[in-house]
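Below is one structure, written out as C-alpha cells; comments come after it.
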Amino acid sequence: MLTGNPAVSASAEQPTSLSGLMVAFLAFCCGAVVANLYYAQPIVELIAPQIGLSSANASLIVSLTQFGYALGLLLLVPLADLMENRRLVVGFTLAASVTLLCAGLTHSPSMFLVLSLLIGLTSVAVQILVPLAAHLAPEASRGRVVGNIMSGLLLGILLSRPLSSLLVEVFGWRGVFYSAAALMAVIALITAVALPRRLPTHKATYAALIGSVFALARRYPLLRQRSLYQGLLFASFSLFWTLAPIELMRHHGFTQAQVAIFALVGAVGAIAAPIAGRLADAGHGRRGTLVALLLAPVSLLIAALPGSGYVWLVVCAVLLDFAVQLNMVLGQREVYALDPHSRARLNAVYMTSIFVGGALGSLVASPLYEHFGWNLSAVAVALLPALALGLFLSRKADV
31 MLTGNPAVSA SAEQPTSLSG LMVAFLAFCC GAVVANLYYA QPIVELIAPQ
81 IGLSSANASL IVSLTQFGYA LGLLLLVPLA DLMENRRLVV GFTLAASVTL
131 LCAGLTHSPS MFLVLSLLIG LTSVAVQILV PLAAHLAPEA SRGRVVGNIM
181 SGLLLGILLS RPLSSLLVEV FGWRGVFYSA AALMAVIALI TAVALPRRLP
231 THKATYAALI GSVFALARRY PLLRQRSLYQ GLLFASFSLF WTLAPIELMR
281 HHGFTQAQVA IFALVGAVGA IAAPIAGRLA DAGHGRRGTL VALLLAPVSL
331 LIAALPGSGY VWLVVCAVLL DFAVQLNMVL GQREVYALDP HSRARLNAVY
381 MTSIFVGGAL GSLVASPLYE HFGWNLSAVA VALLPALALG LFLSRKADV
C-alpha cells in the first residue's frame, strides 16, 4: 500500500502518518502534472511555424498556459475545501489528458492557443495534492513532508524542459503532447485507487467559497506579502527560462539536445525544496527567505555581464532555481499555518499570484529579448527579485 492509513477520509481532518512511498508518489504526481505547463517552453520556436503562429507571438503559448493555470488556481482549487479531494484530482487529471491530446492533434493557431489555456486550467490537481499532504502530515514533520513533495513539483518544472527538448528530437513536438496525455491518464488511474480520501468539513456554496478566497487575502497581510515576493521571483524565473534557450541557440550555437542538458543541470537547484522544509520546521524561515531574495538578483546580474559566456548562464540557472524554490517552500509553510481549515483557498491565493507573475514574465520575454538583447534583458529581470528583497527588508522581523 502507498499510505500508512488508506482509509483517511474527510470527516477526519486529523493528521495521520504518511509513508515514504506515499510521499514519493505524491511528489511524482505533482512533478508530472505541473510539467504540462512547461513542455512547450523550450520548443515554442518549433511549434509556432508549424501551426502558423509568428515568432513574435510564440511566447503566447507559454503565457496562456500559465494564465490558464492561475485561473484554475483561483476558480477550481478552492473546491478542495468543499468537495472530496481524490475525486477532484482524478477528474482534473483526466481533463488534462484530453486537452493535451487535442493540442497534439490540432493544426490551427487559434485552437492551439485556446488549448494552451485549457492545459493550464486543467493541470491544477497538483495544488490539491500539496495541501492534502499537509492535512495528512503531523505538525512536527509538515514542513519536511511539504518540502519533499514540493521538490517533486519543482523537479517537474525543471525537468519538463530537458525532457521536452529530448523527446522533440525523436518524436517531434506533437509526440511531446501525446506522451504527456498518456502519462496523465496513467496518473488518473493510479490516484483513483491509491490516493486517500478526504471530504472537508467546510460547508458553503461555491459563490461563498470563492468570495472567501478574497476575504482570506484581505485578512492576512502575511499571505499578501508572501504572494508578492514569490510572484516577483517567479516572474524572473519564467523570464529567464524563456530567454535562456533562445540566447543559447542563437548566440552560443546550442542544439536542442544541448539546451536539454543545460536545463538538466539547472535542475540541481531543486535540492532547495527539502532544505527549505527543514529550515521552516526549525524556525529559520526569515533567514532562509533573505538568502533566497539575495541569491536571485545576484545570479541574474552575473549572467548579465558582457562576455560572460554560457558557463555563467549555467551558474545563474542553478542559483536562480535554488532561490525560487527555497522561497516558495518557506512561504508555503507560513501560509499553511495561517488557517488549517482553509489551506486549499490559502494555497489558491498564494499560487495564483505566483503563476500570474510567471505568465506576465513569459508574455514579455520575447519582445524584451528582440528589442534589448540578452544583457539588458537580464538586468531588467534582476530588478524583479531586487524589488522583492527591498519589500521584504522593509517589513517587520516576523514576516
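The number in our numbering is simply the position in the sequence shown, starting from 1, with 30 added.
Don't be surprised by glycine CBs; every beta carbon is placed ideally from N, CA and C.
Please read all numbers here as calculations on a predicted model, not as lab measurements.
query                                                                                                                                                                                     : result
Helix, strand or coil: which one does DSSP assign to Y208?                                                                                                                                : helix
Compute the Euclidean distance between the alpha carbons of T272 and P72, then round it to the nearest angstrom.                                                                          : 7 Å
From which residue to which residue does the alpha helix (DSSP H) around R254 run?                                                                                                        : P251 to H281
Using three-state DSSP, classify T285 as helix, strand or coil.                                                                                                                           : coil
Please report the straight-line C-alpha distance between L147 and V128, rounded to a whole angstrom.                                                                                      : 13 Å
For a test of the three-state rule: what should DSSP assign to S424, helix, strand or coil?                                                                                               : coil
Whole-angstrom Cβ separation of R254 and G315, contact assumed at under 8 Å?                                                                                                              : That pair is no contact at about 17 Å.
Is the beta carbon of S93 closer than 8 Å to that of S392?                                                                                                                                : yes
Using CA atoms only, rank isn't needed, just tell me which of L183, S195 and G50 is closest to G61.                                                                                       : L183
For A65 versus V119, is the C-beta spacing smaller than 8 Å?                                                                                                                              : no
Is it the case that the stretch 85-105 contacts the stretch 218-231, given that we only count it when at least three CB pairs across the two stretches are under 8 Å?                     : no
Identify, in the order they occur along the chain, each residue of the same chain with its Cβ nearer than 7 Å to the Cβ of S396, setting aside the five sequence neighbours on each side. : A86, A88 and S89
Nearest-angstrom Cα distance between E43 and D111?                                                                                                                                        : Here E43 scores only 48 on pLDDT, less than 50, and its place in the model is too uncertain to base an answer on.
Taking DSSP as the reference, what is the three-state secondary structure of R316?                                                                                                        : helix
Does the distance from the C-beta atom of V365 to that of R249 stay below 8 Å?                                                                                                            : no
Would you report the Cα separation of R375 and L324, rounded to the nearest angstrom?                                                                                                     : 29 Å
By the three-class DSSP mapping on this structure, what secondary structure does A37 have?                                                                                                : In this prediction, A37 scores a pLDDT of 38, lower than 50, which makes its location untrustworthy; the coordinate-derived value is nonetheless stated afterwards. Coil at A37, not helix or strand.
Which residues bound the alpha helix (DSSP H) around E114?                                                                                                                                : No alpha helix (DSSP H) contains E114, which DSSP labels as neither H nor E.
What distance in whole Å lies between the Cβ atoms of L196 and A334, which are believed to be in contact at a cut-off of 8 Å?                                                             : So it is not a contact: roughly 29 Å between Cβ atoms.
Are the Cβ atoms of L349 and S329 separated by less than 8 Å?                                                                                                                             : yes
Measuring only the C-alpha atoms, how far is L109 from S190?                                                                                                                              : 27 Å
Mapping DSSP to helix, strand and coil, what is Y380?                                                                                                                                     : helix
Taking all protein chains shown into account, decide if L406 is buried (16 or more other Cβ within 10 angstroms of its Cβ) or exposed.                                                    : exposed
Can you look up A367 in the DSSP assignment and give me helix, strand or coil?                                                                                                            : coil
Using 8 Å as the threshold, is the stretch 123-140 in touch with the stretch 378-393, meaning 3 or more CB pairs across them?                                                             : no
Please identify the residue among G261, L294, A353 and P139 whose C-alpha is closest to the C-alpha of P79.                                                                               : P139
Please name the residue, chosen from L331, A367 and L263, that lies closest to L421 on a Cα-to-Cα basis.                                                                                  : L263
From the DSSP output, in three-state form, read off L229 for me.                                                                                                                          : coil
Where V38 and V354 are concerned, what is the direct C-alpha to C-alpha distance, given to the nearest angstrom?                                                                          : Low confidence applies here, because V38 scores a pLDDT of 40, under 50, leaving its location unreliable; read the following figure in that light. Straight-line Cα distance between these residues: approximately 33 Å.
So V243 and V160 are supposed to be a Cβ contact under 8 Å. How far apart are they, rounded?                                                                                              : Actually they do not touch by this definition, with Cβ atoms about 16 Å apart.
In whole angstroms, give me the CA-to-CA distance for C346 and T235.                                                                                                                      : 46 Å
Which ranges does the alpha helix (DSSP H) cover as unbroken runs of at least 4 residues, wholly within the stretch 46-101, from first to last along the chain?                           : 50-64 and 74-81
In this structure, how does DSSP classify T123 when only helix, strand and coil are distinguished?                                                                                        : helix
Within 10 angstroms of its Cβ, does A210 collect 16 or more other Cβ (buried), or is it exposed?                                                                                          : buried
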